[in-house]
Amino acid sequence: MQEVSMMEKRGEAGAENISSRSLASEPLRRKWTLTQQAFDRLLASLNENRDRAGEKYQELRGNLIKFFEWRGGTYPEDHADETINRLARKIDQGEEIRDPSSYAFGVARMLLLEILKGQERERLALNELPLAHATVDDPAEPEPRLECLKQCLPGLSPENRELIMQYYQGEKGVKIENRKKLSERLQVPLNTLRMRALRLREKLETCVEDCLKK
Amino acid sequence: MEQISLDEKLVVRYLLGRLPEEEQLQLEERAFSDREYMQNVEAVERDLIDEYVRGELSDFEREQFEKLFLASPERRRKVEFARALTNLVSETPLAERAARSVIRQDAISWWDSFLARLHGSGLVLKFSMAAAALIVALGVFWLMTETIRLRAQLAQLQAQQQSQPRDAGKSAQEEDLRRQLGEQQQRNEELARQLQSEQQRLAQLQKESARSSPSRPIIASLMLFPGLSRSPADRPALIVPRGAEQARLQIGLEKGDDYQRFNVELRTAGGEAVRNQNNLTARATRAGRSVVWSLPVSLLSTGEYELTLKGITDKKEIEDIGYYYFSVLKK
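Residue numbers (the numbering used here), protein chains in the order written: chain A, 91 to 304; chain B, 79 to 409.
Dropping the structure here:
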């Protein structure tokens with residue numbers, strides 16, 4: 091059986107973030123820390139099979155990250171990990187939870203309220219600075235990103251390159267028309283085309299981020 | 079593949095935080111239980127980011143977007159990527175040409191398409207395509223004349239038979255002609271196969287031609303320098319040639335305009351808003367530091383324009399930098 095540890099599941103960076111960085115706007119009251127035993131119990135509650143439980147854990151964490159991202163959380167990964175911590179604590183304390191995933195989303199919504207309240211407090215404290223605008227600080231200028239994108243693009247096959255360039259071509263109305271024609275030409279449903287373009291875009295996004303780190 | 083039902087407007091409202099809590103929960107529940115739906119939401123999210131970057135959102139939408147999307151580093155990275163992708167797509171002639179060909183593909187015949195390609199191809203490709211077309215044309219011509227000739231002979235013979243008594247010699251001649259016609263039909267079929275094969279070859283050549291020699295789109299460009307007079311006589315003019323699709327305005331900056339991001343607003347001389355674009359960045363050009371802005375020519379008409387350049391400070395405050403005046407002349 092494959093051994094699953096907390097570090098493996100969250101990744102080094104994620105674990106480090108939890109311990110070293112305080113959650114945005116959240117009061118510092120985390121006395122309970124996630125132990126290996128609590129994590130094992132959490133996995134067991136997700137599935138009897140350890141490997142399957144690992145997959146379910148990853149899926150849950152990914153969905154929680156998306157949830158916090160979509161709802162405007164400042165550090166979605168940290169918020170997701172904090173949600174899982176709270177879920178694991180409940181399980182570790184012996185509470186019987188029938189559907190851990192649903193329970194986790196209940197916890198996430200509560201945590202989101204805390205975060206939003208904290209953000210509001212910060213905003214007031216910073217004398218009515220617009221929310222989130224004050225935190226915009228991206229060190230990477232778009233030019234290096236564009237250069238990286240140009241380097242990454244040849245990594246796609248010519249067909250995929252053409253697909254992504256055509257899929258994202260044009261402004262609103264033109265773009266929609268382009269996509270319809272493209273789906274007809276490639277003889278694939280529009281939805282399949284959308285998924286293909288998304289996967290290619292994600293691939294390029296990852297490549298560009300890796301390129302920027304170099 | 080099953081077509082997913084996706085209400086894109088609903089997803090956009092969700093992503094901008096404009097759905098009631100109950101509907102938000104419903105959408106999230108579906109997204110987290112249905113992987114395909116989740117991916118669709120992500121695709122709509124990317125489109126929304128692109129629209130923000132292209133300045134296609136309304137003021138209200140833009141405000142909501144900035145509040146939610148610029149909150150996390152991960153999402154800011156997505157916005158920056160979208161900006162780079164948008165620049166690349168608008169800068170890449172191949173994409174534009176290909177997109178045009180997609181739109182027009184169903185409206186043009188392979189022959190029209192061939193002629194069009196011939197104009198923009200390299201010498202070797204031109205020769206190959208011309209040779210292929212010549213073979214096809216000669217084949218078709220020969221096939222038609224031979225068939226017409228044999229049919230005419232046969233018809234003549236049949237007419238003679240009807241007016242004269244049947245004899246063995248004529249009958250043998252008719253038999254011979256029928257045999258020739260049969261053979262001709264076989265040759266026709268063979269030629270039809272060759273014709274099809276040549277058409278396929280021609281299509282392949284067109285494809286290669288399209289890959290190797292993309293035709294460049296016409297871009298009308300204008301450099302705007304800071305501190306130019308408002309006087310119409312001194313105004314620089316953007317000459318838009320027929321067939322141009324994009325206008326590229328290079329907005330020169332003065333020393334000290336060290337902002338991280340820039341907003342631009344374009345208005346007609348009458349004050350009518352034409353297009354706004356936020357979060358542009360400056361780049362070093364031969365003429366000094368400039369903000370380069372590309373916009374569709376379709377938004378412009380012949381007349382006078384005023385461009386307002388604004389800088390975004392580190393504290394996210396927006397400051398007016400200057401006004402640039404120019405005229406547009408569409409040909």
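Backbone N, C-alpha and C define an ideal beta-carbon position, used for all residues, glycine too.
Span of the beta strand (DSSP E), counted from its first residue to its last, around Gly-133(B)
Looking at the DSSP string, Gly-133(B) is not in any beta strand (DSSP E), and its letter there is neither H nor E.
Candidates Leu-126(B), Ala-325(B), Ala-237(B) and Glu-397(B): closest to Phe-340(B) by CA position:
Out of Leu-126(B), Ala-325(B), Ala-237(B) and Glu-397(B), Glu-397(B) has the C-alpha closest to the C-alpha of Phe-340(B).
Taking only runs that begin and end inside the stretch 310–395 of chain B, name each unbroken beta strand (DSSP E) of 3 or more residues, in chain order.
Runs found: 315–318, 324–330, 339–346, 351–358, 360–363, 366–374 and 381–390.
Assign Gly-196(A) to one of three DSSP states: helix, strand, or coil.
Helix at Gly-196(A).
Below 8 Å, can you find three or more Cβ-Cβ pairs linking the stretch 161–180 of chain A to the stretch 118–128 of chain B?
Touching, no.
Report buried or exposed for Asp-392(B), applying the criterion of at least 16 other Cβ atoms within 10 angstroms of its Cβ.
Its Cβ having fewer than 16 others within 10 Å, Asp-392(B) is exposed.
Counting only runs of 4+ residues fully inside the stretch 112–195 of chain A, write out the alpha helix (DSSP H) ranges in chain order.
Correct list: 126–136, 140–160 and 166–182.
C-alpha distance - Leu-202(A) paired with Arg-176(A), whole-angstrom precision
Those two C-alpha atoms are separated by around 13 Å.
For chain B, is any of its Cβ atoms less than 8 Å away from the one on Asn-153(A)?
True, the Cβ-Cβ gap to chain B drops below 8 Å.
Span separating the alpha-carbon of Leu-331(B) from that of Gly-400(B):
Roughly 9 Å separates the two Cα atoms.
Between which two residues does the beta strand (DSSP E) carrying Ala-298(B) extend?
For Ala-298(B), the uninterrupted beta strand (DSSP E) segment begins and ends at 297–302.
Would you decide whether Leu-150(A) is buried or exposed? Buried here means 16 or more other CB atoms lie within 10 Å of its CB.
Buried: at least 16 other Cβ atoms inside 10 Å.
Glu-295(A) vs Phe-159(B) beta-carbon contact at 8 Å:
Contact: yes.
Note down, in chain order, every chain A residue with its Cβ under 8 Å from the Cβ of Gly-95(B).
Ordered by position in chain A, the residues that pass the 8 Å Cβ test against Gly-95(B) are Arg-161 and Gly-162.
Should Arg-211(A) go down as buried or exposed, given a rule of 16 or more other Cβ atoms within 10 Å for buried?
It is exposed - the Cβ of Arg-211(A) has fewer than 16 other Cβ atoms within 10 Å.
Quickly, what does DSSP pair Leu-103(B) with across the bridge? List them, please.
In DSSP, Leu-103(B) forms no bridge with anything.
Report the three-state DSSP secondary structure of Lys-303(A) (helix, strand or coil).
In this structure, Lys-303(A) counts as helix in the three-state DSSP scheme.
Enclosing alpha helix (DSSP H) for Gln-256(A) [first to last residue]
In the DSSP annotation of this structure, the continuous segment of the alpha helix (DSSP H) that includes Gln-256(A) starts and ends at 248–257.
Quick one: grab the DSSP three-state call for Glu-397(B).
Strand.
Between Val-131(B) and Val-157(B), is the Cβ-Cβ spacing less than 8 Å?
Yes, these two residues count as a Cβ contact at 8 Å.
Where Asn-268(A) and Arg-153(B) are concerned, what is the direct C-alpha to C-alpha distance, given to the nearest angstrom?
The alpha-carbon of Asn-268(A) is positioned some 26 Å away from that of Arg-153(B).
Considering only residues of the same chain and omitting the five flanking positions on each side of Trp-188(B), which have a CB-CB separation below 6 Å?
Confidence at Trp-188(B) is low in this model, with a pLDDT of 45, below 50, so the placement of that residue is unreliable and no value is reported for it.
Could you tell me the alpha carbon to alpha carbon distance between Lys-146(A) and Arg-108(B), rounded to whole angstroms?
Approximately 17 Å between the Cα atoms of the pair.
Can you list, in chain order, the residues of its chain whose CB lies under 7 Å from that of Tyr-337(B), leaving out five sequence neighbours each side?
Result list for Tyr-337(B): Gly-389, Ile-390 and Thr-391, in chain order.
How would you write the range of the alpha helix (DSSP H) that Leu-88(B) sits in, first residue to last?
First-last of the alpha helix (DSSP H) with Leu-88(B): 86–93.
Any idea what DSSP makes of Ser-405(B), helix, strand or coil?
Note: Ser-405(B) maps to strand in three-state DSSP.
Could you give the residue range of the alpha helix (DSSP H) that holds Gly-260(A)?
In the DSSP annotation of this structure, Gly-260(A) is not part of any alpha helix (DSSP H), being labelled neither H nor E.
Can you find the residues in the same chain that come closer than 6 Å, C-beta to C-beta, to Leu-373(B), ignoring five residues on each side of it along the sequence?
For Leu-373(B), where only same-chain residues beyond five positions count, the Cβ hits under 6 Å are Ala-325 and Arg-353.
Pro-244(A) (DSSP reduced to helix, strand or coil):
Of the three classes helix, strand and coil, the one that applies to Pro-244(A) here is helix, per DSSP.
Under three-state DSSP, which class holds Val-157(B)?
Secondary structure at Val-157(B): helix, using DSSP grouped into helix, strand and coil.
Could you confirm whether any beta carbon from chain A is found closer than 8 Å to the beta carbon of Asp-128(B)?
Closer than 8 Å: yes.
Rounded Cβ spacing between Arg-291(A) and Ala-162(B) (contact assumed at less than 8 Å)
Wrong, their Cβ atoms sit about 11 Å apart, outside the cutoff.
DSSP state of Ala-149(B) mapped onto helix, strand, coil:
Annotated three-state conformation of Ala-149(B) is coil, per DSSP.
With a CB to CB cut of under 7 Å and the five nearest residues on each side skipped, what residues in its chain are close to Tyr-193(A)?
Setting aside the 5 residues that flank it on each side, Tyr-193(A) is surrounded in the same chain by Leu-177 and Ile-187, each with a C-beta closer than 7 Å to its C-beta; the list follows chain order.
So with CB distances below 8 Å, who are the chain A contacts of Lys-87(B)?
Chain A residues near Lys-87(B): none, gap ~13 Å exceeds 8 Å.
Kindly list, in the order they appear in chain B, the residues whose Cβ is closer than 7 Å to that of Met-200(A).
Result: empty, since nearest Cβ-Cβ is about 13 Å, beyond 7 Å.
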